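Visitor: The numbers in the sequence shown follow my numbering, run straight up by one, and end at 349. Ideal Cβ placement from N, Cα and C applies to all residues, glycine included. No experiment lies behind these values; they were computed from the predicted model shown.
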Amino acid sequence: MGATAIVEEMGLLRESGRAFLAFVRVECGLSPNTADAYARDLRDLDDDLALGGVASIAEITPRHLAGHIAALSSRKKMASSSVARHLATMRMFFRWMFANGRIDANPTEWLERPTQWQRLPGVISPANMRALLDAPQPAGDGSDVHCPLWLRDRAILEFMYACGLRASEVGALRVNDLHGTLGVITVTGKGDKQRLVPFGRPAQESLEAYLEDCRPSLVRPDGRDKGRMFLSRTGRPLERVAVWQIVKRNAKAAGLDDIYPHLLRHTFATHLLSGGADLRVVQELLGHSKISTTQVYTRVDQPRLKEIHQKFHPRP
Numbered sequence: 034m035g036a037t038a039i040v041e042e043m044g045l046l047r048e049s050g051r052a053f054l055a056f057v058r059v060e061c062g063l064s065p066n067t068a069d070a071y072a073r074d075l076r077d078l079d080d081d082l083a084l085g086g087v088a089s090i091a092e093i094t095p096r097h098l099a100g101h102i103a104a105l106s107s108r109k110k111m112a113s114s115s116v117a118r119h120l121a122t123m124r125m126f127f128r129w130m131f132a133n134g135r136i137d138a139n140p141t142e143w144l145e146r147p148t149q150w151q152r153l154p155g156v157i158s159p160a161n162m163r164a165l166l167d168a169p170q171p172a173g174d175g176s177d178v179h180c181p182l183w184l185r186d187r188a189i190l191e192f193m194y195a196c197g198l199r200a201s202e203v204g205a206l207r208v209n210d211l212h213g214t215l216g217v218i219t220v221t222g223k224g225d226k227q228r229l230v231p232f233g234r235p236a237q238e239s240l241e242a243y244l245e246d247c248r249p250s251l252v253r254p255d256g257r258d259k260g261r262m263f264l265s266r267t268g269r270p271l272e273r274v275a276v277w278q279i280v281k282r283n284a285k286a287a288g289l290d291d292i293y294p295h296l297l298r299h300t301f302a303t304h305l306l307s308g309g310a311d312l313r314v315v316q317e318l319l320g321h322s323k324i325s326t327t328q329v330y331t332r333v334d335q336p337r338l339k340e341i342h343q344k345f346h347p348r349p
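(1) Are at least three pairs of beta-carbons, each pair with one atom in the stretch 98 to 113 and one in the stretch 63 to 70, less than 8 Å apart?
(2) Exposed or buried, L229, counting other C-beta atoms within 10 Å across all chains shown (16 or more means buried)?
(3) Which of the three DSSP states, helix, strand or coil, is assigned to L264?
(4) Could you name the residues of the same chain whose beta carbon sits closer than 8 Å to that of N139, not counting the 5 residues immediately before and after it, in chain order?
(5) If you compare alpha carbons, which of V59, L82, V57, F56 is closest to M43?
(6) To the nearest angstrom, how far is it from the Cα of S265 to the Cα of L251?
(7) Give me whichever residues DSSP pairs with H212 in a beta bridge.
(8) Give the list of continuous beta strand (DSSP E) stretches no shorter than 3 residues that lie fully inside the stretch 94 to 178.
(9) Let me know if L211 comes out buried or exposed under the rule of 16 or more other beta-carbons within 10 Å of its beta-carbon.
(10) Which ranges would you report for the beta strand (DSSP E) in the stretch 214 to 254 if only whole runs of at least 3 residues count?
(11) With a Cβ-Cβ cutoff of 8 Å, do S239 and R187 count as a contact?
(12) Please identify the residue among G85, A55, R96 whose C-alpha is closest to the C-alpha of W143.
(13) Within the same chain, show all residues whose beta-carbon is closer than 8 Å to that of A104, passing over the 5 residues directly before and after it, in chain order.
(14) What three-state label does DSSP hand R282 in the structure shown?
(15) Give me the residue from H321, H119, H101, L45 with the minimum Cα distance to G224.
(16) DSSP has P294 in a bridge; who is on the other side?
(17) Along the chain, where does the alpha helix (DSSP H) containing I90 start, and where does it finish?
(18) Keeping to the same chain, check which residues put their C-beta closer than 8 Å to that of R45; ignore five residues upstream and five downstream.
(19) If D246 sits next to P294, beta carbons under 8 Å apart, how far is it from one beta carbon to the other, in whole angstroms?
(20) Is the CB-CB distance between M125 and T300 below 8 Å?
(21) Can you tell me which of the three DSSP states R199 falls into?
(22) Are at least three pairs of beta-carbons, each pair with one atom in the stretch 185 to 205 and one in the stretch 256 to 273, less than 8 Å apart?
(23) So if DSSP puts P270 in a beta bridge, which residue, or which two residues, is it bridged to?
(24) On the DSSP bridge assignment, give the partners of R207 in chain order.
(25) By DSSP, does S64 sit in helix, in strand, or in coil?
(26) I need the straight-line Cα distance from M262 to I136, nearest angstrom please.
(27) Where do the ends of the alpha helix (DSSP H) carrying S49 lie?
(28) Helix, strand or coil for W183, going by three-state DSSP, please let me know.
(29) For D74, is the classification buried or exposed, using 16 other Cβ atoms within 10 angstroms of its Cβ as the cut-off for buried?
(30) Would you check if the distance between the CB atom of E191 and the CB atom of P231 is smaller than 8 Å?
(31) Which of helix, strand or coil does DSSP assign to H321?
(32) Apply the 10 Å Cβ neighbour rule to E48 and answer buried if 16 or more other Cβ atoms are within range, or exposed otherwise.
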């Protein structure tokens, strides 16, 4: 369900929520996925305000909002990271309301930020990563000879690992984003920010095979592909959920559990840092605006950290 449909389910916050979401989409240039997340967060708040008997926006107090935050943790059993995101959404929403004269005071001004436990991202071992990349194979009965989708799947997995792509970035890639002779690709990330990311020979070879032997059979005359790199069986750009399914299907074929698209991005970053890459370079490749977001990966490879400590500390 998209942001527009979600906001129409609200009661007290419906009109203001509708205007706020239009603001974040148009003025802030946020992606539809981010707008959807904001809408869901506001709907959760709207539900709790209704349960609390709040009849107008002017009646909302910091106590109501603190109660909502507490309910997210206790009643809904949300992780601290999700609670922190809800709080960030509330802060932005009420700051916008105050700045636009919709309320006389900002009720989030005195809210304390909850202590957030930061979960370390997982990582796929090099051996398991090779197994996942090798998982896409031709159908044994030859049924995919005219439309070898396994070539598409292999290229997607190779590029997700080679470039640290998000699932949404895979679907957004265009054929014109590829600069094959330079060995780089233009990636459009959150907020439509673009970055150039290099890739190696395995990724290039898998993509060339897909572009030559698979994609032409997927393209339709009506232009439904919109110039996108990776297409569905019906010739349309791949949605994020389709990328998720491709990763899960091939992980299952490789005998791997708990593999999801963003884990390939985590693995990309961790393997680069383990190999000695500079943190600032990894930040640039991932498209992170803050170095603190990238620093979490320095805490993932504990054996590597211990090895460095023993090698360089005067008293290991």
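Guide: Well, looking at it:
(1) no
(2) exposed
(3) strand
(4) F127, R128, M130, F131
(5) L82
(6) 7 Å
(7) V217
(8) none
(9) buried
(10) 217 to 221, 227 to 231
(11) yes
(12) R96
(13) D81
(14) helix
(15) H321
(16) Answer is none; P294 lacks a bridge partner.
(17) Run containing I90: none; DSSP gives neither H nor E here.
(18) The question names Arg, yet the displayed sequence has Leu at residue 45. If we look at L45 and ignore the five residues flanking it on each side, its Cβ neighbours are D79, L82, A83, V87, A88, S89, I90.
(19) Not quite, the Cβ-Cβ distance comes to about 24 Å (not below 8 Å), so this is no contact.
(20) no
(21) coil
(22) yes
(23) L264
(24) R261
(25) coil
(26) 46 Å
(27) 47 to 59
(28) helix
(29) buried
(30) no
(31) coil
(32) exposed
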